[in-house]
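Each residue of the sequence shown is one higher than the one before, starting from -11 at the first, in this note's numbering. The beta-carbon is built from N, C-alpha and C at its ideal position, and this holds for glycine as well. See below for the structure under consideration.
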Amino acid sequence: YMEVQYMNLIFPEKEFGRGCDIVEVIGNSKFYRFIEIKRSTLGLDDINKAIEEFSSTIKDLEIMEDVVKDKILLHDKRRGCKTLANAIRHAKLRRIKVITLREADDILKSCYKKYKESR
């Protein structure tokens, strides 16, 4: 995948000790994409944790809910990891997109790579 050069990324969990893993500021606009990364089997508890992380990020960054364009749970499915169907339903009801790393677009993959480099 191609490297996306000029990305405006914030890592709330690293900066504030809580919140989602990555916030992408989209273009020059004040729209945001929230990304939470999950590395093992994905269940209901993980969706609930992501919901908490997203809302604490909104508070910490002092932004309005309506400028958050996407809330994404990026699932880095390792060998043997499962995605439980009830977790997917729970996420959809809360407008959270569950995307596996394999299915992710270049921008998401690049966000993930930059997050890993920043650790």
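- Threonine 45 and arginine 6 have their C-alpha atoms roughly 8 angstroms apart.
- For aspartate 34, the number of other beta carbons within 10 angstroms of its own is at least 16, and it is reported as buried.
- A Cβ-Cβ separation of about 22 angstroms leaves tyrosine 100 out of contact with isoleucine 51 under the 8 angstroms criterion.
- Around the C-beta of glutamate 105, fewer than 16 other C-beta atoms lie within 10 Å, and the residue is accordingly described as exposed.
- By a beta-carbon distance limit of 8 angstroms, glutamate 53 does not contact glutamate 41. Their separation comes to about 14 angstroms.
- Here the alpha carbons of glutamate 12 and valine 56 stand approximately 10 angstroms from one another.
- Per DSSP, the beta bridge partners of phenylalanine 19 are Ile14.
- Judged by DSSP secondary structure, aspartate 9 falls outside any beta strand (DSSP E); it is assigned neither H nor E.
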